[in-house]
Amino acid sequence: MSESCQLKYFLKLGLHPVEWIAAVTIAAGTAAIGYLAYKRFYVKDHRNKSMVNLHIQKDNPKIVHAFDMEDLGDKAVYCRCWRSKKFPFCDGAHTKHNEETGDNVGPLIIKRKEA
0 MSESCQLKYF LKLGLHPVEW IAAVTIAAGT AAIGYLAYKR FYVKDHRNKS
50 MVNLHIQKDN PKIVHAFDME DLGDKAVYCR CWRSKKFPFC DGAHTKHNEE
100 TGDNVGPLII KRKEA
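For the sequence shown, numbering that gives the first Met the number 0 gives the first residue as 0, with consecutive numbering after it.
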């Protein structure tokens with residue numbers, strides 16, 4: 000396309016080429032800022048909120064607790080929300096967690112079956 004054809008094309012659309020360049024630059028800058036803001040504030044927060052274990056034994060690749068049935072007594076209550084200060088035992092922290100997140104997690108309760 001020759002330079003005069005390009006100029007006629009832009010003028011036909013109602014804007015001078017310099018105005019088009021300015022408009023495209025502003026639109027691209029706005030899109031870039033919007034994308035960076037999205038990545039900075041939404042994606043990072045969303046990823047952290049999806050993590051279940053936020054602070055317990057983060058240096059271990061997998062957390063496993065095992066107990067002998069004989070050591071449990073008649074009843075044991077275990078945390079499933081990962082927010083308990085007495086982890087792996089439940090301290091009721093799931094109540095606050097559920098209010099903040101809309102979750103419905105509760106403890107794991109193991110009871111000895113009555114004969």
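Every residue gets a Cβ at the ideal spot worked out from N, C-alpha and C, and that includes glycine. Computed from a predicted structure; not experimentally measured.
- Membership of Tyr34 in the alpha helix (DSSP H) is indicated by the continuous run 16 to 36.
- In the DSSP assignment, Ala92 falls within the unbroken alpha helix (DSSP H) covering 92 to 100.
- Between Ile55 and Phe88, the beta carbon gap of about 12 Å keeps them out of contact (Cβ cut-off 8 Å).
- In the assembly as shown, His64 is an exposed residue. Its beta-carbon has fewer than 16 other beta-carbons within 10 Å.
- Just so you know, the alpha carbons of Leu107 and His96 end up roughly 16 Å apart.
- Shortest Cα-Cα distance from His93 to any of His15, Leu53, Gly105 involves Gly105.
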